[in-house]
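Comments concern the structure below.
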Amino acid sequence: MAEGKKGEKDTLLVGLALRQVRQQGIVLCLAASRQRQTEVQFRLLLRGSAHYLPLPTPEVVPDDIARKVLRILSRALDEKKAGSPLLLLDSITAEQGWERTLIFLLKAGVTLVELLPSPASLVFGRYDTVLLLRADGETASQISRAVGRKVSAEELANLKAGEGIFIRLARKQWVSLPETL
1175 MAEGKKGEKD
1185 TLLVGLALRQ
1195 VRQQGIVLCL
1205 AASRQRQTEV
1215 QFRLLLRGSA
1225 HYLPLPTPEV
1235 VPDDIARKVL
1245 RILSRALDEK
1255 KAGSPLLLLD
1265 SITAEQGWER
1275 TLIFLLKAGV
1285 TLVELLPSPA
1295 SLVFGRYDTV
1305 LLLRADGETA
1315 SQISRAVGRK
1325 VSAEELANLK
1335 AGEGIFIRLA
1345 RKQWVSLPET
1355 L
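The sequence shown begins at 1175 in this note's numbering and counts up by one.
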């Protein structure tokens, strides 16, 4: 996912987690942005099946946290109660070792949603599915270029709160984001 106002990203994270929990699924949010409000919502609203792990820095996922992620998600995969577990990544720019871990988790059946820290992180070709949120000015132009101009900067600037543009391979689709409550 690219750009959007901070509140929209928080709402999306909590909305996705809430939907997963309502379906009796396991959700884990690994957050480098360290937004206190998001952490509080995870801990209070989504007790039990939802886990929130803040990172000390966005560049490194420490070994102890990586082990905890693997332990939580492997336990969830063993349970198989409501489909695949959901891993939410908020603004992480981690190294190669973490990338290999993500590939392993995807192959194991974990669903992954990654909120990118900046338009520069959106490398077209790395992601086969992208959700774009509202962006203005130069940021909108950078995102437009990153997705091969499938969406114009003007279209991104004209999105309303709660709207996004979902791009899968060569198709784009207008969507409404889930509500939290």
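Even glycine gets a Cβ: it sits at the ideal position worked out from N, Cα and C.
None of the values given here were measured: they were computed from a predicted structure.
Item, Value
"Evaluate I1317 with the Cβ neighbour count: other Cβ atoms within 10 Å of its Cβ, from every protein chain shown; 16 or more gives buried, anything less gives exposed.", "buried"
"Mapping DSSP to helix, strand and coil, what is D1264?", "strand"
"At which residues does the alpha helix (DSSP H) containing L1247 begin and terminate?", "1237 to 1253"
"Alpha carbon to alpha carbon, what distance is there between L1190 and R1308?", "18 Å"
"Could you tell me the distance, in whole angstroms, from the CA atom of L1260 to the CA atom of V1287?", "8 Å"
"Using three-state DSSP, classify A1224 as helix, strand or coil.", "strand"
"Distance check for P1230 and R1217, CA to CA, integer angstroms please.", "18 Å"
"If you draw a straight line from the C-alpha of P1236 to the C-alpha of T1275, how long is it?", "12 Å"
"Just curious, the alpha helix (DSSP H) that I1317 is in, first and last residue?", "1311 to 1320"
"For S1350, write down the residues that DSSP places opposite it in a beta bridge.", "E1337"
"Is L1262 buried or exposed, if buried means 16 or more other CB atoms sit within 10 Å of its CB?", "buried"
"Excluding the five sequence neighbours on either side, which residues of its own chain have a C-beta within less than 6 Å of the C-beta of I1200, listed in chain order?", "S1223, A1250, P1259"
"Since T1212 is in the beta strand (DSSP E), which residue starts that stretch and which ends it?", "It is not in any beta strand (DSSP E) - T1212 instead sits in the alpha helix (DSSP H) that spans 1210 to 1219."
"Please report how far the alpha carbon of L1187 lies from the alpha carbon of D1252, in whole angstroms.", "24 Å"
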